[in-house]
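Comments concern the structure below.
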Amino acid sequence: MLGGNILNYYLVVVEECVLECHFALQVMQFTLAPLLEGFDFATPSNKPLVMGEGLRLTVEKSAPLEVLVALLLSAAFYS
Numbered sequence: 046m047l048g049g050n051i052l053n054y055y056l057v058v059v060e061e062c063v064l065e066c067h068f069a070l071q072v073m074q075f076t077l078a079p080l081l082e083g084f085d086f087a088t089p090s091n092k093p094l095v096m097g098e099g100l101r102l103t104v105e106k107s108a109p110l111e112v113l114v115a116l117l118l119s120a121a122f123y124s
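According to our numbering, the sequence shown is numbered sequentially starting from 46.
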């Protein structure tokens, strides 16, 4: 039988995890936005990138994604 203190501690830990996961999703948007806006992404064969969404933070792909990355602005802008 669980005591009241143990059960309350379990609820606090689960609640903190949910809040941290929500915060991580919010921060991920702010970190990905400059990356996506600062570079030009293309495939070697010039086919459009197909990036489907999953229900989790990470989704395993069946085939590796080959991407060419180029700066949108000149290199002098970043120095």
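Idealized CB from N, CA, C, for every residue including glycine. From a predicted model like this one, the values you see are computed outputs, not experimental measurements.
Cβ of tyrosine 123 within 9 angstroms of Cβ of leucine 116? Working through the sequence shown from its first residue, we reach residue 123 at position 78. Working through the sequence shown from its first residue, we reach residue 116 at position 71. Yes. Within cutoff.
What would DSSP say about leucine 81, mapped onto helix, strand or coil? As a first step, residue 81 is located in the sequence shown; it is residue number 36 there, counting from the start. When secondary structure is reduced to three states using DSSP, leucine 81 falls in the helix class.
Let me know the secondary structure DSSP gives leucine 70 once reduced to three states. By 1-based counting over the sequence shown, the position of residue 70 is 25. Helix, per DSSP.
Bridge partner(s) assigned by DSSP for alanine 87: As a working note, residue 87 is residue 42 in the sequence shown. According to DSSP, residue pairing for alanine 87 in a beta bridge involves Leu113.
Three-state secondary structure assigned by DSSP to methionine 46: As a first step, residue 46 must be located in the sequence shown, where it is residue number 1. In this prediction, methionine 46 scores a pLDDT of 46, lower than 50, which makes its location untrustworthy; no coordinate-derived value is stated.
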